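Protein chains in written order, with this note's numbering: chain W, 1 to 284; chain G, 285 to 577. The C-beta atom is built at its ideal place from N, Cα and C for all residues, glycine as well. The structure displayed is predicted, hence computed values, not measured ones. A quick write-up on the structure given underneath.
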Amino acid sequence: MNDSKKYKIYRGLAAVGRWVLFAFVAFLILFPVYWIFISSITPPGELFKMPIDYLPDYPTLDSYKFLVENVGLVSKIGNTVLIIGVTLLIGTVICVMAAYAFSRFHSKAINLMFGFILATMLIPEVVTARPLYEFMQKVGLYDTYPGLIILYISAVIPFTVLILRNFVGEIPISLEEAAAIDGATFSQRLFRIVLPLMKSAIATVCIINFITCLNNFFTPLYYSNGIQVLSVSIVQLPLRDNMYGVPWDLVSAMGWIILLPIILFVAIFEKQIMDGIMAGGVKA
Amino acid sequence: MNTKKKSTKWIVPWILILPVVLIRGFTTLYPIIATLKNSLFDIKVLSGVKKFVGFSNYVNVFKDPKIITSISFTVMFVVISMIFHVVLGVGLALILNMKFKGQRFLRTIVLIPWAMPAVVVGMAAKWGFNNDYGLVNDFIRRFVPAFQYNWLINTGSARAAVIIMDLWKDLPFFAILVLSGLQFISGDIYEAAKVDGANGVQSFFRITLPLITKNVMTLCIPFTLWRLTTFDLVYSMTSGGPGEDTSLIAYRITTEAFTNLNVGYASTLAVLLFIVMAVFSFINMRVMNKMDN
Numbered sequence: 001m002n003d004s005k006k007y008k009i010y011r012g013l014a015a016v017g018r019w020v021l022f023a024f025v026a027f028l029i030l031f032p033v034y035w036i037f038i039s040s041i042t043p044p045g046e047l048f049k050m051p052i053d054y055l056p057d058y059p060t061l062d063s064y065k066f067l068v069e070n071v072g073l074v075s076k077i078g079n080t081v082l083i084i085g086v087t088l089l090i091g092t093v094i095c096v097m098a099a100y101a102f103s104r105f106h107s108k109a110i111n112l113m114f115g116f117i118l119a120t121m122l123i124p125e126v127v128t129a130r131p132l133y134e135f136m137q138k139v140g141l142y143d144t145y146p147g148l149i150i151l152y153i154s155a156v157i158p159f160t161v162l163i164l165r166n167f168v169g170e171i172p173i174s175l176e177e178a179a180a181i182d183g184a185t186f187s188q189r190l191f192r193i194v195l196p197l198m199k200s201a202i203a204t205v206c207i208i209n210f211i212t213c214l215n216n217f218f219t220p221l222y223y224s225n226g227i228q229v230l231s232v233s234i235v236q237l238p239l240r241d242n243m244y245g246v247p248w249d250l251v252s253a254m255g256w257i258i259l260l261p262i263i264l265f266v267a268i269f270e271k272q273i274m275d276g277i278m279a280g281g282v283k284a
Numbered sequence: 285m286n287t288k289k290k291s292t293k294w295i296v297p298w299i300l301i302l303p304v305v306l307i308r309g310f311t312t313l314y315p316i317i318a319t320l321k322n323s324l325f326d327i328k329v330l331s332g333v334k335k336f337v338g339f340s341n342y343v344n345v346f347k348d349p350k351i352i353t354s355i356s357f358t359v360m361f362v363v364i365s366m367i368f369h370v371v372l373g374v375g376l377a378l379i380l381n382m383k384f385k386g387q388r389f390l391r392t393i394v395l396i397p398w399a400m401p402a403v404v405v406g407m408a409a410k411w412g413f414n415n416d417y418g419l420v421n422d423f424i425r426r427f428v429p430a431f432q433y434n435w436l437i438n439t440g441s442a443r444a445a446v447i448i449m450d451l452w453k454d455l456p457f458f459a460i461l462v463l464s465g466l467q468f469i470s471g472d473i474y475e476a477a478k479v480d481g482a483n484g485v486q487s488f489f490r491i492t493l494p495l496i497t498k499n500v501m502t503l504c505i506p507f508t509l510w511r512l513t514t515f516d517l518v519y520s521m522t523s524g525g526p527g528e529d530t531s532l533i534a535y536r537i538t539t540e541a542f543t544n545l546n547v548g549y550a551s552t553l554a555v556l557l558f559i560v561m562a563v564f565s566f567i568n569m570r571v572m573n574k575m576d577n
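Right under this line is the structure:
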């Protein structure tokens with residue numbers, strides 16, 4: 001009797017402890033995000049009020065309006081969507097092709113090429129930046145959509161190929177052999193048999209690559225000038241009446257524009273993202 | 285007909301991998317060779333100078349106080365951040381692994397810092413650590429009303445702030461990857477330990493920790509490499525300041541290459557960084573292989 005009472009108290013305390021930890025972690029992550037949001041709808045002048053008003057009395061979309069009218073928000077969103085869209089499309093196609101080859105053909109040279117793709121993961125972009133910048137200028141790809149798209153694709157190749165190759169490896173080759181006996185050609189086998197089975201893996205890869213591309217800052221910062229995307233715009237916003245060097249009204253609004261699709265993606269695709277991360281350890 | 289088919293079959297995989305190999309080759313292999321070459325030259329874009337200087341860039345690097353500051357902060361940043369990644373990351377993974385109603389929600393929100401661009405984190409932190417109007421001091425003032433402190437203007441606190449924001453962004457990601465290892469541990473082991481009279485602390489140190497050690501050590505390799513090349517965060521948050529005190533080596537390299545246009549020197553730093561990363565990876569892989577045997 002006494003023991004079970006003790007056990008109940010222990011269980012109760014453990015539950016309270018769990019919820020305290022839960023609340024603490026959730027607060028640490030969500031509160032700054034919430035602060036960015038409310039800052040973006042606070043009238044700019046009130047951002048210089050202390051203490052911070054975490055429930056603004058007069059919410060306004062003034063900062064967003066300013067971004068649309070004076071900073072060209074719409075064209076920046078357009079650029080970002082266009083570059084990411086084409087990157088995902090072409091990147092996925094060529095990575096599926098490569099993943100299939102790396103998984104099904106195992107000559108020494110092919111394996112070596114796979115090793116090369118993986119090894120290039122180790123090369124940081126700061127090491128390649130200057131020569132690549134000069135190369136892009138020389139061939140006329142600097143500050144062009146094709147140039148940026150090539151670099152965006154390059155950035156997602158190693159992770160995508162790795163994940164998809166492992167996935168193709170799990171598709172039994174006997175399916176293809178059976179189709180070959182029935183007279184299916186190589187491309188029929190690839191498009192009619194392998195590809196449909198890869199749908200979920202391709203979806204996972206696209207979801208994660210969307211986030212990776214939205215996060216890409218280094219590429220648009222150094223390989224473009226006129227073509228502006230969202231991630232770079234946030235560090236180049238004009239100062240309004242602000243003596244502090246950070247146009248927080250506009251930064252918070254731009255930040256929220258980037259955060260909104262990310263939060264939606266995370267909320268909707270939590271499972272796919274978790275699977276993808278655990279399979280490939282990708283860094284956004 | 286059959287023989288003809290066989291003789292061309294080898295070309296199929298090469299056609300399939302060609303685009304990927306070409307793109308990666310042009311964006312990584314070619315530039316790294318160019319960087320190696322440039323590191324032996326004195327190249328100043330503005331004055332149009334380009335002359336062969338052998339290894340003198342390499343010698344000069346270690347006499348440059350700016351570089352010494354960058355290297356020492358980079359080492360500090362990597363070591364401190366990684367220690368917290370391991371300790372707090374395992375802690376957070378255990379929290380994420382607890383079975384309770386909020387689990388799914390918590391696993392979803394820890395993805396937010398991972399999915400956010402580091403520049404958004406950096407810009408928000410720049411304002412968040414502001415003395416007068418920032419989130420951090422506002423929070424402290426609710427407990428210590430007259431609190432004043434300019435975090436990003438003093439060396440120690442600016443460095444601490446950069447490390448804190450790095451942890452805020454990447455720790456949840458580390459924890460998720462630790463969690464994937466934790467999920468493989470079967471609940472039966474804990475039940476058995478409980479029957480034998482082990483308490484929670486004992487079963488953590490005797491069961492959980494030994495089983496995830498290798499997983500955590502493996503994770504430390506890419507996470508250390510990512511710390512070594514951290515750029516976006518300091519670019520947006522501190523611009524390397526105050527002075528040069530938070531200019532991580534990756535930030536230093538791009539400043540030399542794109543702002544000071546001191547290309548030869550920047551290439552030298554880039555080569556040295558790459559060598560450090562390669563040696564680090566090599567040693568770790570050897571250690572991991574030894575552990576397996």
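Secondary structure at G/Ile327: strand, using DSSP grouped into helix, strand and coil. By the neighbour-count criterion, in which 16 or more other beta carbons inside 10 Å mark a residue as buried, G/Thr513 falls on the buried side. Contact between W/Ile163 and W/Ala14 does not hold, since their C-beta atoms are separated by about 38 Å, which reaches or exceeds 8 Å.
Here DSSP, grouped into helix, strand and coil, assigns W/Phe186 to helix. By alpha-carbon distance to W/Asn215, the top candidate from W/Leu239, W/Tyr152, W/Leu122, W/Leu237 is W/Tyr152. Ranked by Cα distance from W/Pro43, the options W/Leu112, W/Leu250, W/Ser231, W/Met113 are led by W/Leu250.
Counted as a single uninterrupted DSSP element, the stretch harbouring W/Val168 is not any beta strand (DSSP E) but the alpha helix (DSSP H) occupying residues 145–170. Where G/Val333 is concerned, the enclosing beta strand (DSSP E) starts and stops at 333–336. In this structure, the straight-line span from the alpha carbon of G/Ile537 to that of G/Thr530 is close to 13 Å. Here G/Asn434 carries a coil assignment [DSSP, helix/strand/coil]. Under the 8 Å criterion on CB atoms, W/Thr120 is classed as interfacial with respect to chain G.
The Cβ neighbour count for G/Asp480, taken over all protein chains shown within 10 Å, is under 16; the residue is labelled exposed. Rounded to whole angstroms, G/Pro297 and W/Phe105 show a C-alpha spacing of 7 Å. G/Thr513 belongs to the set of residues whose beta carbon lies under 8 Å from a beta carbon in chain W. Exclusion of the five residues before and after W/Ala129 leaves Tyr222 as the residues of its chain whose Cβ lies within less than 7 Å of its Cβ.
W/Met198: not part of any alpha helix (DSSP H); DSSP gives it neither H nor E. Among the residues of chain G, those whose CB is under 7 Å from the CB of W/Gly255 are Val404, Met407, Ala408, following chain order. Neighbours of W/Glu270 in chain G, taken as residues at a C-beta separation under 9 Å, are given in chain order as Arg388, Arg391, Thr392, Leu395.
W/Phe66: member of the alpha helix (DSSP H) spanning 62–70, first to last residue.
The beta carbon of W/Trp256 is closer than 7 Å to those of Ile36, Phe37, Ser40 in its chain, skipping five residues each way along the sequence. Counting the other CB atoms within 10 Å of its CB gives W/Val266 a total of 16 or more, which places it among the buried residues. G/Val304 reaches chain W at Ile94, Cys95, Met97, Ala98, Ile117, Ile157, Val161, counting residues in chain order whose Cβ is nearer than 8 Å. Excluding its 5 nearest sequence neighbours in each direction, G/Val420 has C-beta neighbours in its own chain below 8 Å: Gly412, Phe413, Trp435, listed in chain order.
Taking a contact as a CB-CB distance under 8 Å, the pair G/Gly406 and G/Met449 counts as one, their CB atoms being some 7 Å apart. If you look at G/Ser464, you'll find it in the alpha helix (DSSP H) that goes 439–466. Cβ proximity to chain G below 7 Å picks out Asn215, Phe217, Phe218, Tyr222, Ser231, Ile234, Val235, Tyr244 from the segment 215–245 of chain W.
Contacts with chain G at 8 Å (Cβ-Cβ) do not include W/Phe37. Taking a C-beta distance under 8 Å as the contact criterion, W/Ile150 and W/Ile211 do not qualify as a contact pair. DSSP lists G/Lys328 as the bridge partner or partners of G/Asn546. Nearest C-alpha to W/Gly276 among W/Val232, W/Ile181, W/Leu118, W/Asn166: W/Asn166. Contact annotation for G/Val547 against chain W: Arg130 [CB-CB distance below 7 Å, chain order].
Exclusion of the five residues before and after W/Pro158 leaves Ile117, Leu118, Thr120, Met121 as the residues of its chain whose Cβ lies within less than 8 Å of its Cβ.
For W/Val81, the uninterrupted alpha helix (DSSP H) segment begins and ends at 73–104.
Put simply, of G/Asn341, G/Val518, G/Phe389 the residue whose alpha carbon is nearest the alpha carbon of W/Val25 is G/Phe389. W/Ser154 is the residue among W/Ser200, W/Ser154, W/Val71 whose C-alpha sits nearest the C-alpha of W/Ile94. Here G/Pro494 carries a helix assignment [DSSP, helix/strand/coil].
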